[in-house]
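In what follows, a single structure is set out as structure tokens and then discussed.
In the working numbering, the protein residues as written are 621 to 878.
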């Protein structure tokens, strides 16, 4: 498979964004318990924001790296002074490291992702706009964040509704470790450990609230990138929406998890 090398080692980008969140074509009956949650959690709101992104990329291959690092930092500020209906600041940083262990395609990969959002200047709560908008909150769980969990299903108190509906939060921590090894020709295997959580507010972060999973998977190096199958096992099953979480989750994807 041909390697795709990073074209830029260090980059900086700035942008001004104006957008509107709207909810439409909701298929819920008036008696559905989720019905009153939708307009409160996802109000129609206009967001006007400035953002700045920095990146440092030393990976030897952007699709299936064998060595190097990938570091990013993204900051966003939305304010009424520039036309936004809500005010908030948000920072999200990532760091990934890849190390070859002395054999082709025998690689250790590690990752850390941290995000913090801070709402300010919120409108009165009777219009439903009193938190960071749903589109700007943090979520975790799934094949590229914390495997062994369904998409966006990981969250501490207040970030998942009593019915198990993902609400998101203002802080996130995600940790990943993976050992990738060749098996035969273009077929490889991997063993991983993932952890982290989403918190309603940054002040609610607690080590004992972190969720975790372990698992293994197969990789096939195709012309499109690694075709990936992962099976994750939760380390701490909990009751969500009155039901015990499934012990495992199976993930299919193209490209490495990170």
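Cβ coordinates follow ideal geometry from the N, Cα and C atoms, glycine included.
In this text the structure is predicted, and so the values were computed from the model without any measurement.
Here residue 704 is buried. Its C-beta has 16 or more other C-beta atoms within 10 Å. For the options 807, 696, 758 and 823, the alpha carbon positioned closest to that of residue 794 is the one of 758.
Assignment of beta-bridge partners to residue 714 by DSSP yields 692 and 733.
If the five residues before and after residue 724 are omitted, its C-beta is found closer than 7 Å to the C-beta atoms of 802, all from its own chain and listed in chain order.
Within the same chain, Cβ atoms closer than 7 Å to the Cβ of residue 821 are found at 790 and 791, the five residues on either side in sequence being excluded. Look at the beta carbons and you see the region 834-847 touching the region 678-686: at least three pairs across the two are nearer than 8 Å. Taking every protein chain shown into account, the CB of residue 733 has 16 or more other CB atoms within 10 angstroms, so this residue is buried. Contact annotation: residue 717 and residue 668 have beta-carbon atoms that are not nearer than 9 Å. Here the alpha carbons of residue 728 and residue 809 stand approximately 12 Å from one another.
DSSP links residue 858 through a beta bridge to no other residue. For the 9 Å CB-CB criterion, residue 692 and residue 674 form a contact. Taken in chain order, the whole beta strand (DSSP E) runs of length 3 or more contained in the region 811-874 are 831-842, 845-854 and 868-874. Around the beta carbon of residue 867, a 10 Å sphere encloses fewer than 16 other beta carbons of the protein chains shown; the residue is thus reported as exposed. Here residue 666 carries a strand assignment [DSSP, helix/strand/coil].
In the structure shown, residue 776 adopts coil according to DSSP, grouped into three states. Contact between residue 807 and residue 861 does not hold, since the beta-carbon distance rounds to 39 Å and is not under 8 Å.
Under the three-state reduction of DSSP output, residue 635 falls in the strand class. Spatial neighbours of residue 813 in its own chain (CB-CB distance under 6 Å, excluding positions within 5 residues in sequence) are listed in chain order as 797 and 834.
Remark: C-beta atoms of residue 690 and residue 730 do not approach each other more closely than 9 Å. Within the DSSP bridge table, the entry for residue 797 names 730 and 813 as partners.
Of the residues 771, 629 and 707, the one whose Cα lies closest to the Cα of residue 665 is 707.
Spanning the alpha carbons of residue 778 and residue 805 requires a straight line of approximately 47 Å.
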